[in-house]
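For reference, the structure discussed in these notes is given below.
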Amino acid sequence: MNVSAILSPIITIGGMGLLFGLGLGMAAKKFAVPVDERVDSIKENLPGANCGGCGFAGCEAMAKSIASGESKINACPVCNEAQIKAIAKVMNMEADITEKKVAVLRCKGNTENAKQKFEYAGIATCQDAHLLGGGPKVCSYGCLGYGSCVAQCQFGAMHMEEGLPVIDREKCVGCGACERQCPRQVIHLVPVNSSYHVNCISKDKGKDVKAGCKVGCIGCGLCVKQCDVGAIVLKDNYAQIDASLCVACGKCSTKCPTNAISNLLDNLGKEHLPLAVSNQSLNEGISL
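Per the UniProt record's numbering, residue 1 is the first one in the sequence shown, and the count goes up by one each step.
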């Protein structure tokens, strides 16, 4: 038996394997992408819902962006104060705590209040209904009522009632997924301690609003005249309330002829009232 004939190819192949291995090892070392160990620590303190509220595909992408300095430590709208502080500690930065926001529906045009101009029988999504003649409702600004926003909520904070989404403020984390999904922009994020709110964004004239909805804002301006602190203005034919100025006196809601203004805090208790309201109520005796 010729031993050299057997050993020669073994040694050759082994040598080639060794050379290739060394080459791959050197290439891997040279072209290796640095791994930031902070990414995993940041990701552990993110909600893990992958809701997209931050604008990224998921929590891992958000963690990488924070670690690289491209995003702020409070960039995740779902994170609570404790989570933001934990992320700040990982990044060796000062925690920047922002006021929590929640979603509100700027429409009261349910099946009873809003009139229909035709019966829609297409795909039951708000986007598709909106594309067909602006939707089946007479009002071209109101909620379409097909629940596309509800389908987007990953926190169980929304459900449908009488053709309108109902938002559970206690469960809402302010991720903004519902707001981005709405083709009419009737869902909006507001500070969690916001009080009075206009449930209409119709830019139509008062006569046309009344023709399509019983509870729409007709732009009469009575609420503006009632507000002693200048928190309400008429813009684009409907009333708009500045939450930072509102003291929750309730005069606007009382005088509104169509009941288009409501108090978001009615079911939350006085512990949720804005600090400005508490202070002014003590100093001036405002009735809550």
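Virtual Cβ for every residue (Gly too), placed ideally from N, Cα, C. Owing to the predicted nature of the structure, the values given are computational and were not obtained by experimental measurement.
- Excluding the 5 residues flanking it on each side, Tyr196 has same chain C-beta neighbours closer than 8 Å at Ile241, Cys246, Ala248, Gly250, Cys252, Ser253, Ile261, Ser262, Asn263, Leu264, in chain order.
- For Leu105, the closest of Val198, Asp208, Val229 by C-alpha to C-alpha distance is Val198.
- Gly176 is not a Cβ neighbour of Val192, given a cutoff of 9 Å.
- Taking C-alpha positions only, Pro257 is separated from Gln226 by approximately 13 Å.
- Taking a contact as a CB-CB distance under 8 Å, the pair Val209 and Cys217 counts as one, their CB atoms being some 7 Å apart.
- A straight-line Cα-Cα distance of about 7 Å links Val90 and Arg38.
- Ala157 places its beta carbon 9 Å or farther from that of Gln181.
- For Ile187, the beta-bridge partners assigned by DSSP are Leu105.
- Between Cys172 and Cys149, the CB-CB gap reaches or exceeds 9 Å.
- Nearest neighbour of Thr98 by Cα position, chosen from Lys72, Leu19, Lys205, turns out to be Lys72.
- If you draw a straight line from the Cα of Cys51 to the Cα of Asn45, it is about 15 Å long.
- Apart from the 5 residues on each side of it in sequence, Gly58 sits with its Cβ closer than 7 Å to the Cβ of Asn50 in its chain, given in chain order.
- Taking the Cβ atoms as the reference, Gly147 lies roughly 6 Å from Pro165, within the contact range of under 8 Å.
- In chain order, Gly219, Gly221, Val224 place their CB closer than 7 Å to the CB of Leu234, counting only its own chain and leaving out the 5 sequence neighbours on each side.
- Shown here, Ala177 sits in a helix according to DSSP, grouped into three states.
- Under DSSP, Val198 shares a beta bridge with Ile261.
- Bounds of the alpha helix (DSSP H) holding Met62 are 59–68.
- Annotated three-state conformation of Gln154 is coil, per DSSP.
- The C-alpha of Glu179 lies about 6 Å from the C-alpha of His188.
- When the beta-carbon positions are compared, Gly145 and Asn110 come within less than 9 Å of each other.
- Glu70 and Lys43 have their alpha carbons spaced roughly 15 Å apart.
- For Cys182, the secondary structure class from DSSP, reduced to helix, strand or coil, is coil.
- Contact annotation, Glu94 with Ala88: C-beta distance approximately 6 Å; criterion of less than 8 Å satisfied.
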